[in-house]
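**Q** Pasting a structure below so you can have a look.
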Amino acid sequence: MSPIDYTTLRGEFVDSVLLLPGVDRFEESLHRWSTLAEKKSAAVALMQTTQDISTTIKWAVRNNAPLAVKGGGHATSGSSSIKGDNTVLPEGGCICEDVDMPATDYGLAAVRGTVKHTGVGGLTLGGGYGWRGRYGLSIDNLIYVTFVLANGRVIKVSKVPLSFVVAFYNGNKEDFDAHCSKLLVLEPVMNTVREMLYYLVNTVLNDQWNDHGTRPAQNAASGQMPLQRSLFRNTFNKWQEFVNRIEGSNQSALLYEIFSQEKTCEVPLTATATVMRNPKMNVLISIRWVTNEQDEVCLAYSRSMSNLLREEGEGAEGNFEAYANYSFLTRRGIPSA
């Protein structure tokens, strides 16, 4: 099933008007006598003639598009409203930004990574940790995926009847306030907290990682929660020693991803190929340098940082795990420890 292109309906109208999210009168057209009956539609057609009504019904049947009819909008049952399908079908080569931007026009946001230029396919199939820990991983919101096998066979894999591909979270201000109010009352000395559109969250690290031409390498680790002060101090000192010693490494970073894993842990280990389903935090060791002469010492530093996190963050008896999408060194065949 392909996504529905509502703009094709506009070309079939004689006198009627098609409203899509973001245009004048669209939000107004969703209002009902009872706000309880209001739903976020994918499109609204303002009918002017019986011919256009007939055209719309035939178009909806032909495209398998759900349809609701509003007269005066007085029904409190919600029968005169219909909710748009909160899904999207990213094609091969899409990066997160390609999903974020159009989704924002519909008041939606996808569950995916922490920067905008990550590929949707690799991120999702590798697990997909991101800003919305409440909704689990990107792969947990996958409805179906199309694979081309080594023998050339094309298959679609899903755990539910086919719809579209990535389920969205439809956020609102009230939901944000409910979950962030306890944080905001702390009143930090330098308060940079503000509301922003969800797609902008995926741009806050752009200055750190959006440039090309350097020699970035990522490695992964994990750590027990809560974050221990001694571990943070020791790893920070090691990171600071590295950037002070290696020329051109000032964009290196050590990121502790302190996101809730409660939703992630609800999914059984046997449900997907993602095995990191526990209350631990991910740690991203992201290092950058300039010349190939620095390769050996920089990769050795990354491995030593991973070892430090294993020893102090997990303990001698701890079960050391790492997020596959961050494990650059392991995937390249270079041991991360």
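Taking numbering that gives the first Met the number 0, I'd label the letters of the sequence shown as residues 0 to 336. Each residue gets a CB set at the ideal place from its N, CA and C atoms; glycine is no exception. Everything numeric in this text was worked out from a predicted model, so none of it was measured.
By Cβ distance, which residues of its chain are closer than 6 Å to histidine 73, with the 5 residues on each side in sequence left out?
**A** Start at 1 with the first residue of the sequence shown, and residue 73 comes out as number 74. Closer than 6 Å at the Cβ level, and outside the excluded window around histidine 73, lie Trp32.
**Q** Alpha carbon to alpha carbon, how far is proline 215 from valine 200? Give it in angstroms, no decimals.
**A** As a working note, residue 200 is residue 201 in the sequence shown. As a working note, residue 215 is residue 216 in the sequence shown. Computed Cα separation, rounded: 22 Å.
**Q** My guess is that serine 251 and arginine 287 are in contact by the Cβ rule of under 8 Å, so how many angstroms apart are they, rounded?
**A** Here residue 251 corresponds to residue number 252 of the sequence shown, with the count starting at 1. Here residue 287 corresponds to residue number 288 of the sequence shown, with the count starting at 1. Indeed they touch by this definition, with Cβ atoms about 5 Å apart.
**Q** Distance check for aspartate 97 and alanine 42, CA to CA, integer angstroms please.
**A** The residue labelled residue 42 in the question sits at position 43 within the sequence shown. The residue labelled residue 97 in the question sits at position 98 within the sequence shown. Taking the straight line from one Cα to the other gives about 21 Å.
**Q** In the DSSP assignment, the alpha helix (DSSP H) including asparagine 324 goes from what residue to what residue?
**A** The sequence position of residue 324 within the sequence shown is 325, counting from 1. Neither: asparagine 324 is in no alpha helix (DSSP H) and is coded neither H nor E.
**Q** Determine the DSSP secondary structure at glutamine 217, reduced to helix, strand or coil.
**A** Sequence index remark: in the sequence shown, residue 217 carries index 218 (1-based). Correct three-state label for glutamine 217: strand.
**Q** Would you mind giving the Cβ-Cβ distance between leucine 122 and threonine 273, rounded to the nearest angstrom? I have them listed as a contact below 8 Å.
**A** On the sequence shown, residue 122 is found 123 positions in, with the first residue counted as 1. On the sequence shown, residue 273 is found 274 positions in, with the first residue counted as 1. Not confirmed; about 12 Å, so no contact.
**Q** Who are the Cβ neighbours of glycine 247 in its own chain at under 6 Å, not counting the five residues just before and after it?
**A** Sequence index remark: in the sequence shown, residue 247 carries index 248 (1-based). The residues are Trp288 and Val289.
**Q** Can you name the start and end residues of the alpha helix (DSSP H) that serine 28 belongs to?
**A** Within the sequence shown, residue 28 is the residue found at index 29, counting from 1. First-last of the alpha helix (DSSP H) with serine 28: 25-28.
**Q** Please report whether the beta-carbon of serine 285 lies at a distance below 7 Å from any beta-carbon of chain B.
**A** Protein chain content of the structure displayed is limited to a single chain, and chain B is not contained in it.
**Q** Can you tell me where the alpha helix (DSSP H) holding tryptophan 238 begins and where it ends?
**A** Within the sequence shown, the letter at position 239 stands for residue 238. If you look at tryptophan 238, you'll find it in the alpha helix (DSSP H) that goes 228-244.
**Q** From the DSSP secondary-structure annotation, give me the bridge partner or partners of glycine 222.
**A** Reading the sequence shown from its first residue, position 223 is the one you call residue 222. Beta-bridge pairing links glycine 222 to Met280.
**Q** Within the continuous beta strand (DSSP E) that includes lysine 155, where are the two ends?
**A** Here the question's residue 155 lines up with position 156 in the sequence shown. That run of the beta strand (DSSP E) goes 153-157.
**Q** Look at the alpha carbon of asparagine 243 and the alpha carbon of threonine 6, and state the distance between them as a whole number of angstroms.
**A** Counting from 1 along the sequence shown, the entry for residue 243 is found at position 244. Counting from 1 along the sequence shown, the entry for residue 6 is found at position 7. In a straight line, the C-alpha of asparagine 243 is about 56 Å away from that of threonine 6.
**Q** I need the straight-line Cα distance from asparagine 249 to arginine 309, nearest angstrom please.
**A** For this step, residue 249 is matched to residue 250 along the sequence shown. For this step, residue 309 is matched to residue 310 along the sequence shown. Cα to Cα, asparagine 249 sits roughly 24 Å from arginine 309.
**Q** At the level of alpha carbons, what is the spacing between tyrosine 128 and glutamate 295?
**A** Indexing the sequence shown from 1 puts residue 128 at position 129. Indexing the sequence shown from 1 puts residue 295 at position 296. Roughly 29 Å between the two C-alpha positions.
**Q** Would you call phenylalanine 241 buried or exposed, if buried means 16 or more other Cβ atoms sit within 10 Å of its Cβ?
**A** Reading the sequence shown from its first residue, position 242 is the one you call residue 241. So phenylalanine 241 counts as buried.
**Q** So is leucine 148 buried or exposed if we call it buried at 16+ other beta carbons inside 10 Å?
**A** What you label residue 148 is simply residue 149 of the sequence shown in a count that begins at 1. Here leucine 148 is exposed, its C-beta having fewer than 16 other C-beta atoms within 10 Å.
**Q** For isoleucine 154 and leucine 298, I'd like the C-alpha separation in whole angstroms.
**A** For this step, residue 154 is matched to residue 155 along the sequence shown. For this step, residue 298 is matched to residue 299 along the sequence shown. When rounded, the distance between both Cα atoms is 39 Å.
**Q** Check this for me: beta carbons of valine 119 and asparagine 140, under 7 Å apart or not?
**A** For this step, residue 119 is matched to residue 120 along the sequence shown. For this step, residue 140 is matched to residue 141 along the sequence shown. For valine 119 and asparagine 140, no; Cβs fall outside 7 Å.
**Q** Reducing DSSP to helix, strand and coil, say where arginine 131 ends up.
**A** The residue labelled residue 131 in the question sits at position 132 within the sequence shown. Arginine 131: coil per DSSP, three-state reduction.
**Q** Have a look at the DSSP bridge pairing and note the partners of tyrosine 143.
**A** Against the sequence shown, residue 143 aligns to sequence position 144. Answer is Ser157.
**Q** Let me make sure I understand the geometry here. Which of Asn63, Ser80 and Leu283 has the alpha-carbon closest to that of glutamate 256?
**A** Here residue 256 refers to the residue found at position 257 when the sequence shown is read from its first residue. Nearest option by C-alpha distance: Leu283.
**Q** Can you say whether aspartate 51 is buried or exposed, counting buried as having 16 or more other CB atoms within 10 angstroms of its CB?
**A** What you label residue 51 is simply residue 52 of the sequence shown in a count that begins at 1. The residue is buried, with at least 16 neighbouring Cβ atoms inside 10 Å.
**Q** Have a look at the DSSP bridge pairing and note the partners of isoleucine 94.
**A** Mapped onto the sequence shown, residue 94 falls at position 95. According to DSSP, which records beta bridges pairwise, isoleucine 94 is partnered with Gly118.
**Q** Among all the DSSP beta bridges, which residues are the ones paired with valine 266?
**A** What you label residue 266 is simply residue 267 of the sequence shown in a count that begins at 1. Valine 266 is not bridged to any residue.
**Q** Under 8 Å Cβ to Cβ from glycine 10, same chain only, skipping five residues before and after it: list those, please.
**A** Within the sequence shown, residue 10 is the residue found at index 11, counting from 1. Result list for glycine 10: empty, nothing under 8 Å.
**Q** Should leucine 18 and arginine 24 be called a contact, given that it needs their Cβ atoms to be closer than 7 Å?
**A** Sequence index remark: in the sequence shown, residue 18 carries index 19 (1-based). Sequence index remark: in the sequence shown, residue 24 carries index 25 (1-based). Their beta carbons are under 7 Å apart, which means leucine 18 touches arginine 24 by this criterion.
**Q** Quick check on methionine 275: buried or exposed, where buried means 16 or more other Cβ atoms within 10 Å of its Cβ?
**A** Translated into positions along the sequence shown, residue 275 becomes position 276. Its Cβ being crowded by 16 or more others within 10 Å, methionine 275 is buried.
**Q** Between isoleucine 138 and glutamate 265, what straight-line distance do the alpha-carbon atoms span, to the nearest angstrom?
**A** As a first step, residue 138 is located in the sequence shown; it is residue number 139 there, counting from the start. As a first step, residue 265 is located in the sequence shown; it is residue number 266 there, counting from the start. Roughly 13 Å between the two C-alpha positions.
**Q** What span of residues does the beta strand (DSSP E) with tyrosine 255 cover, start to end?
**A** Position 256 of the sequence shown holds residue 255. Bounds of the beta strand (DSSP E) holding tyrosine 255 are 252-256.
**Q** For serine 285, collect the residues of the same chain with a Cβ closer than 6 Å to its Cβ; drop the 5 residues on either side in sequence, then sort them by chain order.
**A** Taking the sequence shown and counting its residues from 1, the one referred to as residue 285 is at position 286. Closer than 6 Å at the Cβ level, and outside the excluded window around serine 285, lie Gln217 and Ala252.
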